[in-house]
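First residue of the sequence shown? That's 1274 in this note's numbering, and the numbers climb one at a time after it. Even for Gly, the Cβ is constructed at its ideal location relative to N, Cα and C. In what follows, a structure is listed as structure tokens, so that the remarks can point back to it.
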Amino acid sequence: METEFEVGVRKFGFFLLHVTLLLVITIFIANVFLHKSVLESFLFSLALSVGLTPQLLPAIISVNLSHGARKMAEKKVIVKRLAAIENFGNMNIICSDKTGTLTEGTVKLQSSLDIYGNENQEVALSAFLNASFETGFVNAIDQSIRENLNFNLSGFEKKTKYPMTFNEKDSVF
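The structure is reproduced here in structure tokens:
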């Protein structure tokens, strides 16, 4: 499954291909119209298309994504796939399991933080709604959220559920 970033790069590549073909055909026809030899016009158009083809586009993209990965590494983030950086940038809320499960054997909710590390009630509400409407299986994280947060659920309803498989989970980072 392609990420949004990969789809965007592919679409941009096809756009450049179409622009290059249009320019090559236009220049070829113009040269023939100006009574240049057909062979010379063809070779000129061919040379132009090679010059217009952005052969370094993948390298430019990789360098930019690597720069992003390096900046994330400074903040102790490990990136397995460079293309995941673009998807990571599109996220609004990230729920993480950094609890005392392994050290204490229990899950404790300490705070609900946004991406800037600030306490955020919207994040807490989102976690509480997810934990409250979860019907698939009981887990300690949802239980801790329900025990430690208290929001009024009136006005909220669960419309549908999109289950996430372990393969999908591992495909992002």
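Assess, as a yes-or-no matter, whether the region 1375–1395 is touched by the region 1347–1360 under the definition of 3 or more beta carbon pairs within less than 8 Å. no
Please classify Thr1433 as buried or exposed, where buried requires at least 16 other C-beta atoms within 10 Å of its C-beta. The residue given as residue 1433 occupies position 160 in the sequence shown. Exposed, by the Cβ-count rule.
Check the DSSP bridge columns for Leu1386 and list the partner residues they point to. Taking the first residue of the sequence shown as 1, we reach residue 1386 at position 113. DSSP lists Glu1392 as partners of Leu1386.
Determine the extent of the alpha helix (DSSP H) in which Ile1414 is found, giving its start and end residues. Position 141 of the sequence shown, counted from the start, is the residue given in the question as residue 1414. Note, Ile1414: alpha helix (DSSP H), 1413–1421.
Based on Cα-Cα distance, which residue from His1291, Leu1289, Val1292, Phe1317 lies nearest to Ile1302? Your numbering for residue 1302 matches position 29 in the sequence shown. Of the candidates His1291, Leu1289, Val1292, Phe1317, the one whose C-alpha sits nearest the C-alpha of Ile1302 is Phe1317.
C-beta atoms of Ser1405 and Val1396 nearer than 8 Å: Walking along the sequence shown from the start, residue 1405 turns up at place 132. Walking along the sequence shown from the start, residue 1396 turns up at place 123. Contact: no.
Rounded distance between the beta-carbons of Ser1335 and Leu1382, thought under 8 Å: Position 109 of the sequence shown, counted from the first residue, corresponds to residue 1382. Position 62 of the sequence shown, counted from the first residue, corresponds to residue 1335. About 40 Å separates the two Cβ atoms, so there is no contact after all.
Measuring straight from C-alpha to C-alpha, what distance separates Ala1357 and Met1345? Within the sequence shown, the letter at position 84 stands for residue 1357. Within the sequence shown, the letter at position 72 stands for residue 1345. Roughly 12 Å between the two C-alpha positions.
Using a threshold of 8 Å, state whether the C-beta atoms of Phe1424 and Leu1398 are closer than that. In the sequence shown, residue 1424 corresponds to position 151, counting from 1. In the sequence shown, residue 1398 corresponds to position 125, counting from 1. Contact flag set, yes.
Would the beta-carbon of Val1292 fall within 8 Å of that of Ser1322? For the purposes of this step, residue 1292 is taken as residue 19 along the sequence shown, with counting starting at 1. For the purposes of this step, residue 1322 is taken as residue 49 along the sequence shown, with counting starting at 1. Their beta carbons are not under 8 Å apart, which means Val1292 does not touch Ser1322 by this criterion.
With burial defined as no fewer than 16 other Cβ atoms inside 10 Å of the residue's Cβ, what is the status of Phe1401: buried or exposed? Within the sequence shown, residue 1401 is the residue found at index 128, counting from 1. With 16 or more Cβ atoms within 10 Å of its Cβ, Phe1401 is classed as buried.
Assuming Ile1358 is part of the alpha helix (DSSP H), what are its boundary residues? If you number the sequence shown from 1, residue 1358 lands on position 85. Ile1358 -> alpha helix (DSSP H) spans 1357–1362.
On the three-state DSSP scale, how would you describe Val1350? By one-based count along the sequence shown, residue 1350 stands at place 77. Val1350 falls in the coil class under three-state DSSP.
When burial is assigned at 16 or more other CB atoms within 10 Å of the CB, is Ser1339 buried or exposed? Against the sequence shown, residue 1339 aligns to sequence position 66. Exposed, by the Cβ-count rule.
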